[in-house]
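Notes to accompany the following structure.
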Amino acid sequence: MTGTDDADATGELPDRVRRAFADHGSFERDGDAWISTTTAFDGRVRAESAEEGRIGFAVVVRVPTLSAVTADEVADVVEDGWADTFERRAVDVGGVTRKDREFDPAVERAGDEIAVTYEFADINERRGVDDAGALIDFVEGTYVQGVIPGYEYTAPVSDLLSAARQQGGGGPV
């Protein structure tokens, strides 16, 4: 293939994909990835040319463990139960994306962080970028739903809870 919109022989990402990320408004380029600018957590998307003109997307969202964002001590049994519940919720991703997709998410816990990874391919780069953003938002929402009452939370969770209360009419935390 030739032209500036197609991948070249080196596997360069098509310009149409870079434009889709730029036009989306929720991503900023960071080296070989795009980072979400609308979430409190580290959401990153890598895109690459795939078979038959498709674009492969790898979405990784990194969130803190419960004990990493509480001022209080969290018992190991609570931390483990919370992490298990978060993982079950994060992999139940049906209906989140514009296109009905089958996902095989990976959830990995290392130290004070949990990484959730989704991979998919799409022929439509704009739908793919939309779906990548939706997955990042889904992980953030899933995280906030799993916050356990009774703990004093630190940033970024305290900020997310405050924003949710203000939006819900409950005032600041």
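Under the working numbering, the first residue of the sequence shown is numbered 578, with each subsequent residue one higher. Heads up, the beta-carbon is just placed ideally off N, CA and C, and yes, glycines get one too.
Buried/exposed call for residue i, threshold 16 Cβ in 10 Å
i, result
"D708", "buried"
"G672", "exposed"
"T674", "buried"
"A597", "buried"
"R621", "buried"
"E702", "buried"
"G727", "exposed"
"G658", "exposed"
C-alpha distance - residue i paired with residue j, whole-angstrom precision
i, j, result
"G723", "F697", "26 angstroms"
"G718", "E629", "34 angstroms"
"E685", "Y720", "15 angstroms"
"A652", "R595", "45 angstroms"
"A599", "V654", "43 angstroms"
"D669", "V636", "15 angstroms"
"L712", "R623", "13 angstroms"
Residue j beta carbon less than 8 angstroms from that of residue i
i, j, result
"A667", "V716", "yes"
"A617", "P733", "yes"
"S626", "L590", "yes"
"D619", "R593", "no"
"T642", "E656", "yes"
Close Cβ partners of residue i (< 7 angstroms) along its chain, the five nearest in sequence each way excluded
i, result
"G705", "I632, F634 and D699"
"T662", "G723"
Contacting residues, own chain, Cβ-Cβ under 8 angstroms from residue i (five flanking each side not counted)
i, result
"T731", "V646, T647 and A648"
Contacting residues, own chain, Cβ-Cβ under 6 angstroms from residue i (five flanking each side not counted)
i, result
"L737", "A617 and V721"
"G710", "S603"
* Is the stretch 683-691 in contact with the stretch 599-615, if contact means three or more CB pairs nearer than 8 angstroms? -> no
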